[in-house]
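For reference, the structure discussed in these notes is given below.
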Amino acid sequence: MKRIFVCLMALATVLAMSACSAGKMESPSSATPFPSGASDSSAGMLNLWTNAATAQEAADGAGVVHFQLPEEGTDTGDGAVTWREFRYMSGLAEARGGIGTATLTVRKGQQNADVSGDYSVYSYKWIQEVEGRQVTCSGNEEGRAMKAIWIADFSSYSMLVRGEGDAYSTYGVDAETLETLVKAIQ
Numbered sequence: 013m014k015r016i017f018v019c020l021m022a023l024a025t026v027l028a029m030s031a032c033s034a035g036k037m038e039s040p041s042s043a044t045p046f047p048s049g050a051s052d053s054s055a056g057m058l059n060l061w062t063n064a065a066t067a068q069e070a071a072d073g074a075g076v077v078h079f080q081l082p083e084e085g086t087d088t089g090d091g092a093v094t095w096r097e098f099r100y101m102s103g104l105a106e107a108r109g110g111i112g113t114a115t116l117t118v119r120k121g122q123q124n125a126d127v128s129g130d131y132s133v134y135s136y137k138w139i140q141e142v143e144g145r146q147v148t149c150s151g152n153e154e155g156r157a158m159k160a161i162w163i164a165d166f167s168s169y170s171m172l173v174r175g176e177g178d179a180y181s182t183y184g185v186d187a188e189t190l191e192t193l194v195k196a197i198q
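Quick note, in the numbering used here, the sequence shown goes up one by one and the last residue is 198.
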């Protein structure tokens, strides 16, 4: 009886190992294999994002009415705004770009919640009012926002700013730059 059990366990192990080494499934041509900047540890995870050519195409694909961003080249005081990637999933549009050398990610969603996807713990949290909107800001330096979230016109918005290198976990935008960006995002 023990031999049969051992043989069955060995067979189950071999079958499990062969199933794990089977070929990978191909992603749809319009979707990326996994999010930009993702590590190899996310390989094999289902990617719900689809690339888009423009912010409006991302809005249309996400099912949000409109996705307006600061114009390319807008000077914020921290550098010019650039856009390099647009993508969407059901109910959520995203634009990725930069402010000077820092990265900038803006999201617009249908949910009435934080759509940033960022669950970091920050040293500082405060509210900044921009044109009557209550913008919840978070950052690791007082008065410099790395994350901003707000709700307007039945949509949720988020903005993430990350510096490069040593400034990744501390770089944020000041109140004036934040106001310039939030005013331009719809």
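Glycine residues also receive a C-beta, built at the ideal position from the N, C-alpha and C atoms.
A quick note: this is a predicted structure, and the numbers were derived from the prediction, not measured.
For residue i and residue j, which I take to be in contact (beta-carbon distance under 8 Å), what is that distance rounded to the nearest angstrom?
i	j	result
GLY177	ARG156	Contact doesn't hold; Cβ gap of about 17 Å is too wide.
LEU81	ALA196	7 Å
So, residue i versus residue j, is the Cβ gap smaller than 8 Å?
i	j	result
LEU172	THR117	yes
ARG99	ALA70	yes
ALA199	PHE79	The requested residue 199 is not part of the displayed model; the chain covers only 13 to 198.
GLY91	ILE111	yes
TRP162	THR148	yes
THR66	GLY73	no
GLY103	GLN122	yes
THR94	GLU83	no
Just verifying my parser: in three-state terms, what is the DSSP assignment at residue i?
i	result
GLY35	Here the model assigns GLY35 a pLDDT of 43, short of 50, so the residue's position is not dependable and the matter cannot be decided.
LEU146	It should be pointed out that residue 146 corresponds to Gln in this sequence rather than to Leu. It is a strand residue.
Alpha carbon to alpha carbon, how far is residue i from residue j?
i	j	result
ALA160	SER168	11 Å
THR88	ALA187	11 Å
SER42	ARG145	Per-residue confidence for SER42 stands at a pLDDT of 40, beneath the threshold of 50, marking its modelled position as unreliable; no derived number is given.
VAL133	SER170	16 Å
Alpha helix (DSSP H) runs wholly inside the segment 116-166, at least 4 long, in chain order: none
Q | Contiguous alpha helix (DSSP H) assignments of at least 4 residues, all confined to the segment 52-123 | A | 67-74
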